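FYI, in the numbering used here the residues of the sequence shown are 376 to 653.
Beta carbons: idealized from backbone N, C-alpha and C, even for Gly.
It should be emphasised that the depicted structure is a prediction, and the values quoted were computed from it without experimental measurement.
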Amino acid sequence: MTGRHLADVMTDVVKDRVADPQWLGDARWQVAQNPDAITMLFPAVGRRCGRGLLADAGPELADWSVDDAARVLLLAVLPLRGAALARQVAALYWQGGAAEKRAVLRALSGPGVGVGAVELPQHMDTGIGSGARELPQGLDIGAAAVELLHDAIRTNDPRLVAAAVGPAARRLDDGMWRQAVLKCVFMEIPLTAVADLDRRADGELARMLADLDDERRAAGRSLPDDATVLLALISDPEWARSAVSEENRHPESARTAHQGGIGDTASARSADFKEKTV
Numbered sequence: 376m377t378g379r380h381l382a383d384v385m386t387d388v389v390k391d392r393v394a395d396p397q398w399l400g401d402a403r404w405q406v407a408q409n410p411d412a413i414t415m416l417f418p419a420v421g422r423r424c425g426r427g428l429l430a431d432a433g434p435e436l437a438d439w440s441v442d443d444a445a446r447v448l449l450l451a452v453l454p455l456r457g458a459a460l461a462r463q464v465a466a467l468y469w470q471g472g473a474a475e476k477r478a479v480l481r482a483l484s485g486p487g488v489g490v491g492a493v494e495l496p497q498h499m500d501t502g503i504g505s506g507a508r509e510l511p512q513g514l515d516i517g518a519a520a521v522e523l524l525h526d527a528i529r530t531n532d533p534r535l536v537a538a539a540v541g542p543a544a545r546r547l548d549d550g551m552w553r554q555a556v557l558k559c560v561f562m563e564i565p566l567t568a569v570a571d572l573d574r575r576a577d578g579e580l581a582r583m584l585a586d587l588d589d590e591r592r593a594a595g596r597s598l599p600d601d602a603t604v605l606l607a608l609i610s611d612p613e614w615a616r617s618a619v620s621e622e623n624r625h626p627e628s629a630r631t632a633h634q635g636g637i638g639d640t641a642s643a644r645s646a647d648f649k650e651k652t653v
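Below, the structure is given as structure tokens:
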């Protein structure tokens with residue numbers, strides 16, 4: 376019931392923020408009755424609902440716009456599952472402009488904080504909308520999400536890259552995930568956008584960042600401040616020792632959680648990273 380939960384939260388988010396609430400209500404009803412209706416409605420959302428940033432919607436929706444939330448709502452009420460849902464969502468992504476693509480990517484991740492990629496408690500009070508709610512997961516379109524994430528990360532649009540490194544990026548393999556983080560550094564996208572950073576950052580990412588740092592220093596430039604902090608933290612041998620210790624104690628859970636990354640035992644350093652980069 377992920378879609379239903381996401382729809383409930385997005386309904387609260389857009390309440391009193393949409394320029395034409397009647398249009399959105401009608402659009403939601405049409406999509407719920409006929410999923411093909413979303414093809415014509417999706418591009419019109421910005422014009423009918425507004426494109427301004429969401430105000431006072433909570434940190435989980437930082438940098439979201441009204442049309443982001445309204446489009447995610449329409450996606451969440453699609454009466455489709457499995458392969459049919461994946462085809463419809465992918466079609467909206469490939470046929471859409473940047474705003475529609477970003478909304479699809481945000482629907483795959485759901486509302487979520489990136490900084491340090493801290494795993495949110497399952498029943499976290501989010502303060503979204505008029506009352507606190509459990510943070511919903513994004514739409515599940517299975518392996519089809521990976522192709523969309525790859526495409527977004529390959530673009531030079533910082534809006535799409537930032538949206539692609541949210542919680543949905545857990546589907547990326549380690550190599551592509553590291554490339555995505557490096558792309559954020561190149562484009563000076565704040566690393567607060569990256570989900571699971573404190574759990575997945577590893578020695579190979581440290582090596583890549585160090586090489587980039589050397590290149591920039593040779594050219595008289597420097598890494599962004601948050602990347603410098605991250606490099607210092609993940610290059611620290613104590614990070615590596617904590618990760619190895621965690622894997623030795625709980626090898627199966629450690630591999631599942633972060634594929635050889637920093638690990639949950641680095642929580643204090645994760646807090647330090649957040650404090651220095653937020």
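Residue i burial status per 10 Å Cβ neighbour count (16 or more: buried)
i	result
A594	exposed
W404	exposed
E590	exposed
D431	exposed
M385	buried
A518	exposed
D401	exposed
8 Å contact criterion, which residue i and residue j should meet: CB distance rounded
i	j	result
I410	L453	Going by the sequence as given, residue 410 is Pro instead of Ile. So it is a contact: roughly 5 Å between Cβ atoms.
L460	A444	Actually they do not touch by this definition, with Cβ atoms about 19 Å apart.
Y468	L547	Not quite, the Cβ-Cβ distance comes to about 16 Å (not below 8 Å), so this is no contact.
A458	L483	Wrong, their Cβ atoms sit about 16 Å apart, outside the cutoff.
L480	V464	Going by Cβ atoms, the distance from L480 to V464 rounds to 10 Å, so no, they are not a contact pair.
A537	A568	4 Å
G487	G541	6 Å
Residue i versus residue j - alpha carbon distance
i	j	result
A555	D600	18 Å
D515	F561	29 Å
R446	R422	12 Å
D383	V389	10 Å
R477	D588	30 Å
W552	A544	7 Å
S597	G485	33 Å
L381	A539	18 Å
G513	P418	20 Å
R592	A607	15 Å
L399	R529	32 Å
L535	L566	14 Å
D573	H525	21 Å
R575	D611	15 Å
Q397	Q470	26 Å
R456	D571	27 Å
A466	D387	27 Å
R462	D442	22 Å
Option nearest residue i by Cα separation, candidates the options
i	options	result
A407	Y468, D577, L448	L448
G472	D532, Q397, R553	D532
D391	R574, L605, G425	G425
A394	V420, R529, M385, L381	V420
D577	L381, L605, G517, A451	L605
T603	P396, G541, V536, E563	E563
E579	T530, D571, A607, G550	G550
G427	A474, P542, A537	A474
Check: residue i C-beta below 7 Å from any heavy atom of the ligand GDP
i	result
D611	No copy of the ligand GDP occurs in the structure displayed, which carries no ligand at all.
- [ ] Pair every Cβ in the region 398–415 with every Cβ in the region 427–439, then say whether three or more of these pairs are closer than 8 Å.
- [x] Per the Cβ contact rule, the region 398–415 is not in contact with the region 427–439 (fewer than 3 Cβ pairs under 8 Å).
Quiz item: Hey, is the region 540–560 in contact with the region 571–587, meaning 3+ C-beta pairs nearer than 8 Å?
Solution: Short answer: they touch.
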